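Take a look at the structure set out below.
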Amino acid sequence: MIEQMTLRDLGVIAEATLPIGPGFTAITGETGAGKTMVVTGLGLLLGQRSDSGAVRAGAAQASVEGVWIVPPDGAVAERVREAGADVEPIDETRAELIVGRIISSEGRSRAAVGGRAAPAAVLSDLADDLVVVHGQSEQLRLRSAAAQRDALDRFGGADVADALVTYRDRFAAWEGLDEELTTLITDRDARAAEAEELRAAIAVIEAVAPRAGEDAELTQWAERLANAEALREAAALAHAALTAEDEATDATTLVGEARRALERAAGSDPELERLAEQVAEIGYRLVDVSASLAGYLADLDESGPHELAAVEERRAALSELVRAHGSLDEAIALLDTGSARLAELDDDGERVERLTREREEAASALDEAAAALTAARTTAAARLGELVTAELHALAMPDAEIEVSVTPAAPSRSGRDEVAILLAPHPGSSPRPVSRSASGGELSRVMLAIEVVIAAVDAVPTFVFDEVDAGIG
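Numbering of the sequence shown is given in our numbering, commencing with residue 14 and proceeding in unit increments.
This is the structure in C-alpha cells:
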C-alpha cells in the first residue's frame, strides 16, 4: 500500500507531504486547493506522460516522491530488481519502495525507482500492481461491453484469470493453425503455378548440366580458337627458335654450347662453376618450354572450326541460364533449393490434411477451455450481482437489483462470452443493460458499487477515487 506522498512545486502546491495510513483516507478542500494535483502527482509516479505545464509558476522543476510498503518477495519487488534497483527490507513480510519523478519546466522528465534512475516505462510496469485509479469519467467506460467483461474478470480472481490464460493459449494455437491452413488453401493455385515454373526451370538446368566456373573456361577457350592462326604462327616461330632443324642456330643448341664451354674451365674458378650451373638450368628450362610449345601446337592442330562452333553453342546455352537466374552459380544452386521447395509445394495435399486434423484437435481443446472460462465467469457473475446490489442499497438505490449476465458471443481472444451488467432500478422493472438504459446518476452509482466490491478481492493494495461522488448527487 502507499504510505506517503511528497509533492514540490506541482501546480498550486509549493510543498506538501501527504501521510496515508491503512483503511480509508479522504482528501477534501475547496476548488483550486490542489486536490487534483495529488492525483496528477500519483499519475506521474505511475508512469503517466509528463507535462511541463504542471510545474508551479516560477519554479525550475516539479518533483513527486511516493513511498510504498510491498512484500519483499512479491511481483513488485521482483520487477524492481529486474530494473537494477531494490526495495528496503523492513521485516520478513514488508519492504519499503521509494519511487520518484522530476519534471523540468522545459518538459524533461527523470524517474527513480528504489533510489536508482530508471525509465518512466518501469513505473508503468509497476503501476498495475500498486494502484487502481477511479477517475471522474470512469463511469463512462461502463457503457462498453469490454469494460463490463473486464470488471467481471477482475472480480473473478484466480479462477477466471487461470481459465482465461488457458483459453488464450489455446485460442492462439487454434488461430495460428487456422491462418496457416487458410493461407495454404487460398494460395493453392499460385503455389501450383510456382511448382510448374520450378519444374520447368530445373529441367532446363539439368538438361544443360553446367559446371561451376564453366562459363569462364569456355570464354577463354573460345578466344583461343577464334585466334588459332595467330597463336599457331607465334608458337611455331618460338618453337623453331628454341629447337630448329638447323642445330647451329637454335637456342637450345647455343645454350648447350655455352654450358659445355663453361664446364671445361669451371674447375679453375668456383664463380665460373656457379655460372655454368645457371646456364645448365636455362638449358633444361628451354627443353621444357620447347616440349610445351610442341604440345600446344598439336592441340591447335586438332582444334578446328567445328570445335569453335561447339564451344559457342555451349556458351549460348550457359548464357541462357545466366540470363534466367543472374549467374551460373545461382542456376546451379537452384537445383538444390528449387528441389527442396518443389518437394514442399508437392506436399500441399498432405499438409492440408495434417493442418486440418491439427486444427480440429486445437478447436476441441479450445472448446473445453471456452466452456471452463464460461463456467468460471458464470459463477463469478452471480456473486458479483449480489454484492453490487447490496452496495447500491447503500447508495440511495434501496430497491435496485443488479444482474450480471453471461451469454454466448463470437469467439475472440477474450473468450466466447458477452458480459452485460443489467439494472432493474425499481421493483417489477425488467433488468436492462446499464450501457443503454441507466441514467448518468445510476451509472455512476453502479460503477462506484462495482469498484467497492472489486476492491475487496483485488490484489492491488491501493484504490484511489478522484471525485468519487461525481454524477451521484
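Glycine included, C-beta positions come from ideal geometry on N, C-alpha and C.
Bear in mind that the values here come from a model prediction, so they are computed numbers and not experimental data.
Could you give the distance in angstroms between the alpha-carbon of residue i and the alpha-carbon of residue j?
i: Ala293; j: Arg245; result: 29 Å
i: Ala160; j: Ser448; result: 10 Å
i: Arg6; j: Arg372; result: The structure shown does not extend to residue 6, since the chain is modelled only from 14 through 486, so no value can be given for it.
i: Thr392; j: Gly351; result: 57 Å
i: Gly308; j: Thr265; result: 17 Å
i: Ile115; j: Ala96; result: 18 Å
i: Pro440; j: Met410; result: 11 Å
i: Asp166; j: Ala174; result: 7 Å
i: Phe184; j: Glu416; result: 29 Å
i: Leu57; j: Ala125; result: 11 Å
i: Ser122; j: Ser63; result: 7 Å
i: Val489; j: Leu405; result: The structure shown does not extend to residue 489, since the chain spans only 14 to 486, so no value can be given for it.
i: Val77; j: Pro421; result: 47 Å
i: Pro438; j: Met18; result: 40 Å
i: Met50; j: Leu31; result: 12 Å
i: Glu28; j: Ala75; result: 10 Å
i: Thr262; j: Arg272; result: 16 Å
i: Leu139; j: Val112; result: 10 Å
i: Glu209; j: Arg367; result: 23 Å
i: Phe476; j: Phe168; result: 14 Å
i: Leu143; j: Val401; result: 24 Å
i: Glu374; j: Glu381; result: 11 Å
i: Ala90; j: Asp182; result: 27 Å
Could you please give the first and the last residue of the uninterrupted beta strand (DSSP E) stretch that includes residue i?
i: Ala108; result: Ala108 to Ser117
i: Thr475; result: Thr475 to Phe478
i: Ala124; result: Ser122 to Val126
Using the DSSP secondary-structure output, state which residues sit across from residue i in a beta bridge.
i: Pro438; result: None, per the DSSP bridge assignment.
i: Trp81; result: Ile15 and Leu110
i: Arg129; result: Val126
i: Ala75; result: Ile116
i: Ile415; result: Leu436
i: Val268; result: DSSP output for Val268 lists no bridge partner at all.
i: Val146; result: Val477
i: Glu101; result: Glu109
i: Val401; result: Its beta-bridge partners do not exist; DSSP assigns none.
i: Val68; result: Leu23
By a C-beta neighbour count over all protein chains shown, 10 Å radius and 16 as the cutoff for buried, is residue i buried or exposed?
i: Arg277; result: exposed
i: Asp301; result: exposed
i: Gly226; result: exposed
i: Ala426; result: Looking at the sequence shown, residue 426 is not Ala but Arg. Classification of Arg426: exposed, given that the 10 Å Cβ count is below 16.
i: Leu137; result: This sequence places Ser at residue 137; Leu is not what is there. That one is exposed.
i: Pro102; result: exposed
i: Ser453; result: The sequence as given places Gly at residue 453; Ser does not occur at that position. When all chains shown are included, Gly453 counts as exposed.
i: Thr13; result: Any property of residue 13 remains undetermined from this structure, which presents the chain solely from 14 to 486.
i: Ile198; result: exposed
i: Arg429; result: buried
i: Gly398; result: buried
i: Leu493; result: What is shown of the chain runs 14 to 486, which leaves residue 493 out entirely.
i: Ile26; result: buried
i: Asp104; result: exposed
i: Tyr180; result: buried
i: Arg224; result: exposed
i: Ile40; result: exposed
i: Pro85; result: buried
Can you give me the start and stop residues for the alpha helix (DSSP H) that residue i sits inside?
i: Phe133; result: Looking at the sequence shown, residue 133 is not Phe but Ala. That run of the alpha helix (DSSP H) goes Ala133 to Leu143.
i: Leu197; result: Ala158 to Thr199
i: Glu95; result: Ala88 to Glu95
Quick check on residue i - is its C-beta less than 9 Å from some C-beta in chain B?
i: Ser117; result: No chain B is present in this structure, which holds just one protein chain.
- request: Entirely within the segment 14-50 and at least 3 residues each: give me those beta strand (DSSP E) ranges in chain order.
  value: 15-23 and 26-32
- request: Jot down the residue ranges of each uninterrupted beta strand (DSSP E) in the segment 421-468, minimum 3 residues, whole runs only, in chain order.
  value: 428-437
- request: List in chain order: all unbroken beta strand (DSSP E) runs of 3+ residues lying wholly within the segment 291-365.
  value: none
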